[in-house]
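In what follows, a single structure is set out as structure tokens and then discussed.
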Amino acid sequence: MICRSSIRRFDGDAGSTLHTAAFTRGATGLRFVSWATIDKGTGLYVDKTKAPAFSIAWVPAEKITDETSSAIEIDAALADPDQVPLIVVPKLELPVAFMSDDGSAFPVVGIKGQAMVLVARVDGIDLGTHGQLTFGWVGDRC
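Start counting the sequence shown at 1; every next residue gets the next number (full-length UniProt numbering).
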């Protein structure tokens, strides 16, 4: 059962890149990740020619100060060899997606006795588009 979701919005008119983090807050797993990229003019999903790139990974908690960490902090965490890549989708491939592991949650990953933090980087967001990432969390304590 989904006990909580984290939503992160992006807007191509505000910038071509989104960097964000999501702390587990007691969740034991990530049940799903989804995103949608929408054309502001039509209100429809964009086609592949306007799809941004998505990088989502677990990173050590000490690398991220909070859920509004800077692009520099998130890029450094994604460049760290201690990261665990979860989803990497190149630009021009998937404008809309729902990813789950069909039955059980992606487990929360730990390092040094501490839960890692989920970070995301969305690159190449086109002008005139916007959208959101959604993370669905499961667990007894969240």
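Just so it is clear, CB atoms sit at the ideal spot from N, CA and C, and this is done for glycine as well.
Quick one: using the 10 Å Cβ neighbour count with 16 as the cut-off for buried, is Arg31 buried or exposed? Counting from one through the sequence shown, the residue named residue 31 turns up at place 31. With 16 or more other Cβ atoms within 10 Å, it is buried.
For Val33 and Leu133, what's the separation of their Cα atoms in angstroms? Within the sequence shown, numbered from 1, the residue matching residue 33 stands at position 33. Within the sequence shown, numbered from 1, the residue matching residue 133 stands at position 133. Cα-Cα distance, rounded: 7 Å.
So for Ile87, helix, strand or coil by DSSP? Mapped onto the sequence shown, residue 87 falls at position 87. Note: Ile87 maps to strand in three-state DSSP.
Cβ contact (3+ pairs, closer than 8 Å) linking the region 92-105 and the region 62-81: no
Would Ile72 be called buried (16 or more neighbouring beta carbons within 10 Å of its own) or exposed? Here residue 72 corresponds to residue number 72 of the sequence shown, with the count starting at 1. It counts as exposed.
Starting from the C-beta of Val122, find all residues in its chain whose C-beta is less than 6 Å away, skip the five residues before and the five after it, and write them out in chain order. Taking the first residue of the sequence shown as position 1, residue 122 is located at position 122. Closer than 6 Å at Cβ, skipping near neighbours: Phe10, Leu18, Pro52 and Phe54.
Just list the residues that DSSP pairs Gly131 with in beta bridges. Counted from its first residue, the sequence shown places residue 131 at position 131. Answer by DSSP bridge pairing, in chain order: Phe10 and Thr37.
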